[in-house]
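Inspection log for the structure reproduced underneath, given as structure tokens.
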Amino acid sequence: MESSHSTKSNPETAIHITESKSAKGKSAAAPVAITATTKATTTSYQKGGWKRGVAIFDFILRLCALIAALAATVTMGTTDQTLPFFTQFFQFQASYDDLPAFTYFVVANAIASGYLVLSLPFSIVCIVRPHVAGARLLLLIFDTMLVAFTTAAAASAAAIVYLAHNGNQNTNWLAICQQFTDFCQRVSGAVVASFIAAVIFTFLVVLSAVALRRH
């Protein structure tokens with residue numbers, strides 16, 4: 014006896030998964046967090062790049078100041094001229110160590126040259142790690158001291174050079190540059206080089222101050 018089975022078609026069952034509010038919040042916050050992190054990284058990179066550029070310029074200026082201060086030291090320290098004519102009792106000679114102002118000039122520029130050599134590693138640290146403020150602050154303090162030091166040395170030597178070129182009738186100081194031409198040319202060049210070093214030191218102070226101000 015055959016039994017007939019009636020088959021009934023089952024309707025398709027749809028399963029709806031409702032996204033929870035917490036999942037929505039996390040998915041919405043993720044792009045915002047990534048965007049904020051990307052913006053912060055980009056800003057930090059740009060800021061670091063700007064400071065690195067300032068540090069590289071600082072290093073170049075230090076090399077220029079070292080050349081100027083060293084040239085001033087060597088030129089003044091080797092300045093010596095003896096006139097071809099002399100008497101039995103007098104020999105006409107001019108040397109830098111005859112004047113205390115020139116001696117101070119040589120010492121001051123020699124110290125400035127030594128400091129610039131020692132400051133180069135700190136300047137390199139500022140290039141490698143532009144966000145480090147300690148090395149920059151240390152350079153700013155010593156650069157400010159060297160501005161005054163080199164300016165005083167150059168100014169005192171410039172006063173003597175002026176008297177050597179023009180003399181002073183009120184005090185009966187004669188202009189010796191008409192006889193000691195080579196001596197005056199060398200000391201004048203040394204004074205100019207020292208003033209260049211002082212100006213570069215001033216730029217270094219300004220650069221360090223700006224870099225620390227925008228730290």
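If you use the numbering used here, the sequence shown corresponds to residues 14 to 228, in order. Virtual Cβ for every residue (Gly too), placed ideally from N, Cα, C.
Residues bridged to residue i [DSSP beta-bridge criterion]
i	result
D195	Answer by DSSP bridge pairing: none, since D195 is not bridged.
A107	Q94
W186	N181
Limits of the unbroken alpha helix (DSSP H) element including residue i
i	result
V119	113-141
For residue i, the three-state DSSP class (helix, strand or coil)
i	result
A211	helix
V204	helix
V145	coil
A224	helix
L150	helix
I30	Unreliable placement is indicated for I30, whose pLDDT of 45 sits below 50; the coordinate value is still reported in the next sentence. Coil.
T51	Residue placement at T51 is flagged as unreliable, the pLDDT there being 43, under the threshold of 50; the coordinate-derived value follows with that caveat. Reduced to three states, the DSSP call for T51 is helix.
Presumed contact (8 angstroms Cβ cut-off) between residue i and residue j, rounded CB distance
i	j	result
S207	T163	6 angstroms
L92	Y109	One point to set straight first is that residue 92 is Thr, not Leu, in the sequence displayed. With a Cβ gap of about 5 angstroms, T92 and Y109 count as contacting.
L225	A146	6 angstroms
A78	L152	About 12 angstroms separates the two Cβ atoms, so there is no contact after all.
F115	I173	7 angstroms
I137	F72	7 angstroms
T210	A68	This sequence places Ala at residue 210; Thr is not what is there. Not really, about 20 angstroms apart at Cβ, beyond 8 angstroms.
Three or more beta-carbon pairs under 8 angstroms between the stretch 116-134 and the stretch 66-86, yes or no? yes
Counting pairs of beta carbons, one from the stretch 179-194 and one from the stretch 128-138, are three or more of them closer than 8 angstroms? no
Hey, is the stretch 155-173 in contact with the stretch 209-220, meaning 3+ C-beta pairs nearer than 8 angstroms? yes
- Query: Below 8 angstroms, can you find three or more Cβ-Cβ pairs linking the stretch 195-205 to the stretch 168-179?
  - Reply: Judged by Cβ distances under 8 angstroms, the stretch 195-205 makes contact with the stretch 168-179, as three or more pairs qualify.
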